[in-house]
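Residue numbers (this note's numbering): 3 to 81. So the structure is just underneath, and the comments pick up after that.
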Amino acid sequence: TGGVYPLVGWFANPVAGSTALSKLLAITLSVQWGNYGSMTAWTGTCDASGGVPTITTVWHLVRTGSQYSWDHMLTNSDV
């Protein structure tokens, strides 16, 4: 809601000399959402083989407060 939150991330290039048939850039990103008491991490790949770089990730969000004990962690995916 208009806030600024630092994004931290890393990437790994495909291993040189790899014989794998598919070689994609691996990425991971994370944000700590300040006073909301939650954090999100995205992990995935970037595929530019079709001419348009496309990032596909799985994300996990964890929150310190929830209505139920089982509802502190959420998982989904994004393209």
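Where is the CB? At the ideal position from N, CA and C, for every residue including glycine.
Distance from the Cα of GLY4 is smallest, within the candidate group TRP35, TRP72, GLY52, for TRP35. When the Cα atoms are used, CYS48 and ALA22 turn out to be separated by approximately 16 Å. Excluding the 5 residues flanking it on each side, PHE13 has same chain C-beta neighbours closer than 7 Å at LEU27, ALA28, ILE29, in chain order. Short of 7 Å from the beta carbon of HIS74, and not among the five residues preceding or following it, lie these beta carbons of its own chain, in chain order: VAL64, ARG65, SER68. Taking GLY39 as the centre and dropping the five residues before and after it, the same chain places the C-beta of ARG65, THR66, GLY67 closer than 8 Å to its C-beta, in chain order. One Cα belongs to TRP61, the other to PRO8, and the distance between them is close to 17 Å.
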